[in-house]
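Taking our numbering, the leading residue of the sequence shown gets 582, the next gets one more, and so forth.
Glycine included, C-beta positions come from ideal geometry on N, C-alpha and C.
Note that this is a predicted model, so its numbers are computed, not measured.
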Amino acid sequence: MRSFTPVIAVLLLICACNPTQKNTGSASAVNPYQYNLNKKIVADNGAVVSAHPLASKVGVEIMKQGGNAVDAAIATQLALAVVYPNAGNLGGGGFLVGRFSSGELISVDFREKAPGAAHRDMYIEADGTPRTDKSQDGHLSSGVPGTVAGIFAYLKYGKLPFEKLIQPAIDLAQKGFTISEREARSLNGLQIELKKLNTVMPVFVKDKWVRGDTLFQIDLANTLTRIRDKGTAGFYEGETARLIVEEMKRGGGIITYDDLKNYQAKVRTPHSFTYKGYKVIGMPMPSSGGLLLNQMMKMVENRNIASMGFHSLQSVQLMTEVERRAFADRAEYMGDADFYNVPVSMLSNDNYLQERMKDYDPARATPSSVIKPGIAVRPESKETTHLSVIDKEGNAISITTTLNNSYGSRTVVGGAGFFLNDEMDDFSIKPGVPNMYGAVGGEANAIQPGKRMLSSMTPTIVLKDDKPFIVVGTPGGTTIPTQIFQTLINIIDFNMSTEDAVYKPKFHHQWLPDEILIEKGFPAAVKDALTKMGYKFAREREGIGRTEIIKVLPNGKFEAVADNRGDDAAEGW
Ligand code: GLY
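Okay, structure coming up:
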């Protein structure tokens, strides 16, 4: 029986804003014109937490119809592709970390790939000028999308027929859904780029969006229907492939029929490690997330951080120094391990990590120039999205997906209705040249045809006594691993409530630039004390990330908490 604890339940929309439209689809319990936001629930049978209340509700409905966590995750992910076009997607990619009731652990890599015609210098003019505009905006910025292949790679772990999982997304696209204040603002801010970067004006173009407007996406519904009927061929071949390739030709992109047909998601062994008796399951390369989390947690494990206290000068300084060191390794060593020999064992070795902390001084900042000579790295986009799902059978699913920038390349495939990613910018387009957010790299993350660009996404599952304990993830570019690090330390070491662990202000250091990024509300006294120790600070950010977390309580119930930094919502039953 469902035990429902709406600790924070925000009424998002109270009117049936499109009374002529009735939701009669298979997700009939989900009303797309009138819904509310639960920030926290406690449930007996299963829980879903994601960036949009309709997507979370769709997932729970699927579980009620007999689906397991995988079914719910797929339905939620597909619904996000409709109701959260900023980052939910068909035209992008992502990663899944899963733990099944059998005890099996998997990760699925559906990261975008560089097209076959991509090459190392594709964003460099003859005179050496880097063209980051081309790696960031429009057709040439897109990698070959991986999302649909990913879904079909983990579909076999579900129980329900795929038609049932995708139908709610088709209904939401076809019958429309009511947009929130935040969504209206976001779409209004996009209009100039939409007009500039599209060859066919998409449904998102409008003079002014307001809260309560209904967004219909008929082209997207048709694309989803083709996927429902033809599986991966409904996306990578036939009509959808034709629409993508024609869009590429119209806009100067390079994705071909062969690129699409040859795309394959990869089931990989997760990156796992232990922390104080917990087993942490994370994403391996081409995401840096699992390895960075491993490095950061191991560098604090023996330092009694609990006694220092949450947001104390000592704990913030220690975590900052740990983050600095891990990110120095990211810039140098990490990339797609199918193309570059990433020294994962060395970087996660206990002795190496102890050695890494040898020059740590609790009394002062260690300049990044001392850690390793290097070049500037700035925070990446926060427009990625995460969903966490758990069921009573013991299945836990953690999925992070992205288009990279908000709405990706801002190019919608004409006639197909979905945004394409601008993930090519996550490669190092030229050694030493910062990308959109200042990230640099070298050989490890250079462009090669068919290679996957380095990511920071950190979908994570923590096991306690070999059973799911925490399912967590967040958007936030390079701040993703440091947020997950802090959220886990908040729970495991500082013994904080799940809401506090997520909602309390975060901070971030990524080696270069040599400065701490802090979120609004970070304690001023700690900032002042750190400044006296030699630390520099970036401009304060309104919000860092949108963490979606499920914790299994000692009584076996599922406590799901949605971040309060957005319209994120938790649902359960
Ligand atoms: N595009 C952001 C990431 O993959 O980390």
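>> Suppose the cutoff is 8 Å on Cβ atoms and the five residues either side in sequence are ignored; what does the same chain contact list for Asn-1136 look like?
In response: There are no such residues.
> Expressed to the nearest angstrom, what Euclidean distance is found between the alpha-carbon atoms of Val-881 and Pro-1056?
Replying inline: Spanning the two alpha carbons is a distance of roughly 24 Å.
>> Closer than 8 Å to a non-hydrogen atom of ligand 1 - does that hold for the CB of Ile-1061?
In response: Because some heavy atom of ligand 1 lies under 8 Å away, the Cβ of Ile-1061 counts as near it: yes.
>> Can you confirm whether Pro-1049, when its beta carbon is compared against all beta carbons of chain B, has any partner nearer than 9 Å?
In response: Absent from the structure is chain B; it holds one protein chain and no more.
> Counting only runs that start and end within the stretch 679-764, where is the alpha helix (DSSP H) found for 4 or more residues in a row?
Replying inline: With a minimum length of 4 residues, the continuous alpha helix (DSSP H) runs that stay inside the stretch 679-764 are 713-717, 728-735 and 743-756.
> Do the stretch 928-947 and the stretch 626-645 touch if we need at least three Cβ pairs shorter than 8 Å?
Replying inline: The stretch 928-947 vs the stretch 626-645: no contact.
>> For ligand 3, I want to know if Asn-667 counts as a neighbour, meaning its beta carbon is within less than 8 Å of at least one of the ligand's heavy atoms.
In response: By its list of ligands, the structure shown excludes ligand 3, since it contains just ligand 1.
> Does the distance from the CB of Lys-621 to the CB of Ala-1141 come in under 9 Å?
Replying inline: Yes; because the gap between Cβ atoms is below 9 Å, this pair is in contact.
>> Can you tell me whether Arg-959 is helix, strand or coil according to DSSP?
In response: Note that Arg-959 scores a pLDDT of 38, beneath 50, so its modelled location is shaky; the value from the coordinates is reported in the next line. In this structure, Arg-959 counts as coil in the three-state DSSP scheme.
> When DSSP labels each residue in this structure, what does Glu-882 get in the three-state scheme?
Replying inline: Three-state result, Glu-882: coil.
> Quick one, are the C-beta atoms of Leu-805 and Ile-751 less than 9 Å apart?
Replying inline: Going by beta carbons, Leu-805 and Ile-751 fall inside the 9 Å limit.
> According to DSSP, what are the bridge partners of His-892?
Replying inline: The partner list for His-892 (beta bridge, DSSP) is empty, contrary to what the question assumes.
>> With DSSP as the reference, identify every bridge partner of Lys-860, one or two as the case may be.
In response: The partner list for Lys-860 (beta bridge, DSSP) reads Thr-855 and Leu-1044.
> How is Arg-1122 classed by DSSP in three states: helix, strand or coil?
Replying inline: Here DSSP, grouped into helix, strand and coil, assigns Arg-1122 to strand.
> Is Asp-1007 closer than 9 Å to Ser-723 when the C-beta atoms are compared?
Replying inline: Not a contact, by the Cβ cut-off of 9 Å.
> Secondary structure at Thr-1055, three-state DSSP: helix, strand or coil?
Replying inline: Looking at Thr-1055 - three-state DSSP - the assignment turns out to be coil, as it is neither helix nor strand.
>> Considering just the uninterrupted stretch of the beta strand (DSSP E) at Gly-524, what are its terminal residues?
In response: This structure cannot settle anything about residue 524, because the visible part of the chain is limited to 582 through 1154.
> When DSSP labels each residue in this structure, what does Ile-808 get in the three-state scheme?
Replying inline: Of the three classes helix, strand and coil, the one that applies to Ile-808 here is helix, per DSSP.
> Where does Ser-926 fall in DSSP's three states?
Replying inline: Of the three classes helix, strand and coil, the one that applies to Ser-926 here is helix, per DSSP.
> Does any heavy atom of ligand 1 sit closer than 8 Å to the C-beta of Met-1038?
Replying inline: Checking every heavy atom of ligand 1 against the Cβ of Met-1038, one is found closer than 8 Å.
>> Whole angstroms are fine: how far does the CA of Thr-821 sit from the CA of Lys-1108?
In response: Cα to Cα, the separation comes out at about 52 Å.
> Any idea what DSSP makes of Gly-672, helix, strand or coil?
Replying inline: Three-state result, Gly-672: strand.
>> Following a CB-centred definition, is Asp-1007 positioned closer than 8 Å to any heavy atom of ligand 1?
In response: For ligand 1, at least one heavy atom lies less than 8 Å from the Cβ of Asp-1007.
>> Please state whether the Cβ-Cβ distance between Glu-913 and Gly-1013 is less than 9 Å.
In response: Cβ distance not < 9 Å, so Glu-913 and Gly-1013 don't count as in contact.
> Just the Cα atoms here: how many angstroms apart are Pro-942 and Tyr-614?
Replying inline: For the record, residue 942 in the displayed sequence is Asp; it is not Pro. Straight-line Cα distance between these residues: approximately 56 Å.
>> For ligand 1, I want to know if Glu-1129 counts as a neighbour, meaning its beta carbon is within less than 8 Å of at least one of the ligand's heavy atoms.
In response: Flag unset: Cβ of Glu-1129 not near ligand 1.
> Can you give, in chain order, each stretch of the alpha helix (DSSP H) that sits fully within the stretch 629-666 and has at least 4 residues?
Replying inline: Complete alpha helix (DSSP H) runs here, min 4: 634-645 and 650-664.
>> Within the continuous alpha helix (DSSP H) that includes Ile-773, where are the two ends?
In response: First-last of the alpha helix (DSSP H) with Ile-773: 772-778.
> Tyr-859 to Gly-812, Cα distance in whole Å?
Replying inline: Going from the Cα of Tyr-859 to the Cα of Gly-812 covers about 38 Å.
>> Given a cut-off of 9 Å on the beta-carbon distance, is the pair Pro-948 and Ile-687 in contact?
In response: Not in contact: Pro-948 and Ile-687 (Cβ atoms no closer than 9 Å).
> Should Met-927 be labelled buried (16 or more other beta-carbon atoms within 10 Å of its own) or exposed?
Replying inline: Exposed.
> Which ranges would you report for the beta strand (DSSP E) in the stretch 969-1012 if only whole runs of at least 3 residues count?
Replying inline: List check, beta strand (DSSP E) in window: 977-983.
> Counting pairs of Cβ atoms below 8 Å between the stretch 785-793 and the stretch 697-704, do you hit three or more?
Replying inline: Touching, no.
> Fully enclosed by the stretch 1070-1134, which beta strand (DSSP E) runs are 3 residues long or longer?
Replying inline: With a minimum length of 3 residues, the continuous beta strand (DSSP E) runs that stay inside the stretch 1070-1134 are 1129-1133.
> Under the three-state reduction of DSSP, which class applies to Ala-1150: helix, strand or coil?
Replying inline: Correct three-state label for Ala-1150: strand.
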